[in-house]
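Visitor: Start counting at 1 in the sequence shown, then tack on 58, and there's your number in my numbering.
C-beta: ideal position from N, C-alpha, C; glycine also.
Quantities reported herein were computed from a predicted structural model and do not represent experimental measurements.
Here it is: the structure, laid out below.
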Amino acid sequence: MRAPLLIAIGVWLSLIAAPFCHAQRSRPKADRTPEIVEAKVKEEDALFRAKRIAVEVSTLEPLEERIRLLTAIADALWERDETFARQTLRQAFDAISDQQRIEDSKRATPLLRQIISIAAKHDPKLAREFLDGWSGKSGDDSKARLNQQGSSERSELLLISALQAFQKDKLAGAYLFRESVRQYVLPRHYYFLAELREKSPDEADHLFTNAIEVLSLRPLHEANEAMILASYLFSPQPRIVYTLVGQYNAANVNGNLSAPPKNESLARRFLFFAFNKLTTSQDIPAPVIYFALKNLLPQFQALTPDLATEVQARLSSLLPDVPRAEAELQDRLRRESERQSLEGEELWEERAQRADKIADARRRDLEYFTIIQAHLLAKKDFVAARRLADKISDPTLRREVTDYLNFWEIREKLKRNDELILEDDAIDKIEEPILKTILFCELAKVASKRNDLARASETLDRAISESSRVQDAQDRVQSKIIIAQTWMLLDANRGFEEAKTAIQEINKMEEFKIDRSAITFKISVHDLMNELYVSDDSASLFSLLDRMSEADYFRTLELCGSLQNKLLRSWATWAAIRRYLVAINK
59 MRAPLLIAIG
69 VWLSLIAAPF
79 CHAQRSRPKA
89 DRTPEIVEAK
99 VKEEDALFRA
109 KRIAVEVSTL
119 EPLEERIRLL
129 TAIADALWER
139 DETFARQTLR
149 QAFDAISDQQ
159 RIEDSKRATP
169 LLRQIISIAA
179 KHDPKLAREF
189 LDGWSGKSGD
199 DSKARLNQQG
209 SSERSELLLI
219 SALQAFQKDK
229 LAGAYLFRES
239 VRQYVLPRHY
249 YFLAELREKS
259 PDEADHLFTN
269 AIEVLSLRPL
279 HEANEAMILA
289 SYLFSPQPRI
299 VYTLVGQYNA
309 ANVNGNLSAP
319 PKNESLARRF
329 LFFAFNKLTT
339 SQDIPAPVIY
349 FALKNLLPQF
359 QALTPDLATE
369 VQARLSSLLP
379 DVPRAEAELQ
389 DRLRRESERQ
399 SLEGEELWEE
409 RAQRADKIAD
419 ARRRDLEYFT
429 IIQAHLLAKK
439 DFVAARRLAD
449 KISDPTLRRE
459 VTDYLNFWEI
469 REKLKRNDEL
479 ILEDDAIDKI
489 EEPILKTILF
499 CELAKVASKR
509 NDLARASETL
519 DRAISESSRV
529 QDAQDRVQSK
539 IIIAQTWMLL
549 DANRGFEEAK
559 TAIQEINKME
569 EFKIDRSAIT
579 FKISVHDLMN
589 ELYVSDDSAS
599 LFSLLDRMSE
609 ADYFRTLELC
619 GSLQNKLLRS
629 WATWAAIRRY
639 LVAINK
């Protein structure tokens, strides 16, 4: 009896468990939900389109644009399809390595920088492979220039690799940094170290130590190699000051190197290094060494008193080789530099007073314009700037400068959502249409944030009217791009229509700079043309395509396809795909 009973119980349990087992087997996997499957299909479609672009641009001219596009595609697709990304990057490298295509190494080297930068970002070994293979594939001129000891070009390429590699592999980055210093010390080495010190002082100090160790093992190509590094220890501000000593463009011989070092031990080590390496040679004239050591003398006296005595003795021995006129000139430059650093504001006021006494109207107007542009606008002192603008004698120049001042003052108020600026009167005082277009768009954004959509729409209509008056074709199209961007915030359909209008105008142009994100405002100062740039991210077609792709990807692709220029069409389509790939991964 027990066996049949056990069998019956087993059958009963299996029947109860069956639905649960079936449910367990039929439950969809986490990576098979409809949403994930749909996203995967969309991603594969976008990848297919991106790869097709890479194939289509294989013969694209100019070569510079082809390289930029291929490297951009390789960079974006690396995490999704590393094999294809590597192949694309090699395709770019081969394009500039072909001697039949590139005979001018000066043209090729900037392209190589782009390729190496992307390679180093993902695989430092690949970057080094490209760099090592370059001199063997390029022409004799490039080979000689890149293989010679201390090549600044090779140093820069290695440094680019180091900067990218350092983000993922600090050991690889440090190695490439040393190799770069082994070739040549550039200002970019110092700026990288200064920036790194803000995040990680110990790592920056370690790389600085590596730099002086490497330099100790080879002759200096120029005194600047040591004096550039002096800024890392002794410069109060992150800067390198260049001064002409005879025909030699010398670094930091007159710059401010008076700051107490943050790492005294490292500073002492550098001073011993500088004393040993800053000696005259065929390439480094005595006056340069003299002024370099003289500028470092206070640091020698404070940190290495015993060595300071030897420095003073060397200065005495070098002095006979320094022309008296040169010594007087450098002393005067030093005094002026110190005075400017202490009395910057007073000097500008004094300069404005002197401008009033300039007899020649052309020179006087130019000085007023310089003071307004270089000083008063930077400190947003619109009252003082307008006071100077009123003194400009040329009526056209006075109007243009006043327009420019009014533009920036209104823009500042718009940033603060100033209630008073919701009246159009202030904008109407400006005559320049490109400036009015930008301000009307920004005013529309303010109205939109306050849910005054009718006002926003009305203001954008005024912007459209003003944009049609812009004479320069590039600026006119960019003004329409700004309008389309603003409409995308209010009504995507209207935004697409305005974008279509902009693209129709692009098709009429011989050349359009697709990645430019600044509007130009031209001011002629007595026949001297000045192009002032108004930065605005919404003026870039790339920025507009990003926003459109997020709103309607396939409609954006269709609009990109209407661009007649193959280069622009490829770039625009890629921009839409790139943004779409980012969006579907969120």
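Quick one: is Y426 buried, meaning 16 or more other Cβ sit within 10 Å of its Cβ, or exposed?
Guide: With 16 or more other Cβ atoms within 10 Å, it is buried.
Visitor: Less than 7 Å separating the beta-carbons of R326 and L361?
Guide: Yes. Within cutoff.
Visitor: Check the C-beta distance from S620 over to S601 and give it rounded, since I have them as a contact under 8 Å.
Guide: With 8 Å as the limit, S620 and S601 do not qualify as a contact, their Cβ atoms being about 19 Å apart.
Visitor: Considering only their Cβ atoms, is the gap separating I131 from M141 smaller than 7 Å?
Guide: The amino acid occupying residue 141 in the given sequence is Thr; Met does not appear at that position. Contact: no.
Visitor: At what residue ranges does the segment 266–352 contain a whole run of the alpha helix (DSSP H), taking only runs of 4 or more?
Guide: The qualifying runs are 282–292 and 322–335.
Visitor: With distances taken Cα to Cα, identify the nearest neighbour of R8 among L603, H584 and S175.
Guide: Coverage of the chain is limited to positions 59 through 644, which leaves residue 8 absent and any answer about it impossible.
Visitor: Could you tell me the distance, in whole angstroms, from the CA atom of P182 to the CA atom of S219?
Guide: In a straight line, the C-alpha of P182 is about 7 Å away from that of S219.
Visitor: Considering only DSSP beta bridges, list what L590 is partnered with.
Guide: Its beta-bridge partners are F579.
Visitor: Quick check on the DSSP output: the alpha helix (DSSP H) that includes K109 runs from which residue to which?
Guide: Per DSSP, K109 belongs to the alpha helix (DSSP H) from P92 to E114.
Visitor: Residues in the same chain with beta-carbon distance under 8 Å from Q149, minus the five sequence neighbours each way, listed in chain order, please.
Guide: Counting only Cβ-Cβ distances below 8 Å, and skipping sequence neighbours, we find A112, S116 and L128.
Visitor: Closest by CA to S537, which one among R444, F151, S598 and N623?
Guide: It is S598 whose Cα lies nearest to the Cα of S537.
Visitor: Decide if the segment 360–378 is in contact with the segment 302–309; the criterion is three or more beta carbon pairs, one per stretch, under 8 Å apart.
Guide: The segment 360–378 vs the segment 302–309: no contact.
Visitor: If you draw a straight line from the C-alpha of S258 to the C-alpha of L387, how long is it?
Guide: Those two C-alpha atoms are separated by around 40 Å.
Visitor: What did DSSP end up calling V459 once you bin it into helix, strand or coil?
Guide: Reduced to three states, the DSSP call for V459 is helix.
Visitor: Is the beta carbon of L391 within less than 6 Å of some heavy atom of the ligand SAH?
Guide: In terms of ligand content, the structure shown is empty, and the ligand SAH therefore cannot be addressed.
Visitor: Tell me the rounded alpha-carbon separation between E280 and Q359.
Guide: Distance between the alpha carbons of E280 and Q359: 24 Å.
Visitor: Please go through the same chain and pick out, in chain order, the residues whose beta-carbon is closer than 6 Å to the beta-carbon of I635, but skip the five residues on each side of it.
Guide: Counting only Cβ-Cβ distances below 6 Å, and skipping sequence neighbours, we find A104, R107 and A108.
Visitor: For P120, which residues from the same chain have a beta carbon less than 6 Å from its beta carbon, with the 5 sequence-adjacent residues on both sides left out?
Guide: Excluding positions up to five away in sequence, the list is empty.
Visitor: Within its chain, find whatever has a CB closer than 8 Å to the CB of R159; leave out the 5 residues flanking it on each side and keep chain order.
Guide: Note that R159 scores 47 on pLDDT, short of 50, meaning its location in the model is unreliable and no value can be drawn from it.
Visitor: Pick out whichever of H264, L221, Q225 and K228 has its Cα sitting closest to the Cα of S238.
Guide: Closest option to S238, Cα to Cα, is L221.
Visitor: According to DSSP, simplified to helix, strand and coil, what is I540?
Guide: DSSP places I540 in helix when its eight states are reduced to three.
Visitor: Check the C-beta distance from E407 over to K438 and give it rounded, since I have them as a contact under 8 Å.
Guide: Between K438 and E407 the Cβ distance is about 17 Å, and since that is not below 8 Å, they are no contact.
Visitor: Between which two residues does the alpha helix (DSSP H) holding R148 run?
Guide: Segment E140 to S155, the alpha helix (DSSP H) holding R148.
Visitor: Just the C-alpha distance for D595 and T578, rounded to the nearest angstrom, thanks.
Guide: Distance between the alpha carbons of D595 and T578 is about 13 Å.
Visitor: Can you find the residues in the same chain that come closer than 8 Å, C-beta to C-beta, to S451, ignoring five residues on each side of it along the sequence?
Guide: Closer than 8 Å at the Cβ level, and outside the excluded window around S451, lie A419, R422 and D423.
Visitor: When we look at the beta-carbon of F612 and count the other beta-carbons within 10 Å, is it buried (16 or more) or exposed?
Guide: It is exposed - the Cβ of F612 has fewer than 16 other Cβ atoms within 10 Å.
Visitor: With L118 as the anchor, note down where its alpha helix (DSSP H) starts and where it stops.
Guide: Note, L118: premise wrong, no alpha helix (DSSP H); not H, not E.
Visitor: Is V243 helix, strand or coil when you go by DSSP?
Guide: V243: coil per DSSP, three-state reduction.
Visitor: Just the Cα atoms here: how many angstroms apart are S339 and P277?
Guide: In a straight line, the C-alpha of S339 is about 10 Å away from that of P277.
Visitor: In chain order, what residues of the same chain lie with their CB nearer than 8 Å to the CB of T267, ignoring the 5 residues before and after it?
Guide: Once the five neighbours on either side are set aside, the close Cβ partners of T267 are L324 and R327.
Visitor: Specify the secondary structure class of L621 as computed by DSSP and reduced to three states.
Guide: Three-state DSSP puts L621 in coil, outside helix and strand.
Visitor: Taking the alpha-carbon positions, what's the K201 to K335 distance?
Guide: Because K201 carries a pLDDT of 45, less than 50, the predicted location of this residue cannot be relied on, and no value is offered for it.
Visitor: Rounding to the nearest angstrom, what Cα-Cα distance links T337 and K352 in this structure?
Guide: Computed Cα separation, rounded: 13 Å.
Visitor: Report all residues from its chain with a CB closer than 7 Å to the CB of F465; omit the five preceding and five following residues, and keep chain order.
Guide: Result list for F465: I488, L493 and L497, in chain order.
Visitor: Can you tell which of K566, T495, Y638 and E368 has the C-alpha that lies nearest to the C-alpha of I539?
Guide: For the residues K566, T495, Y638 and E368, the minimum Cα distance to I539 belongs to T495.
Visitor: State the DSSP-derived secondary structure class of L435, mapped to helix, strand or coil.
Guide: Residue state, collapsed to three classes: coil.
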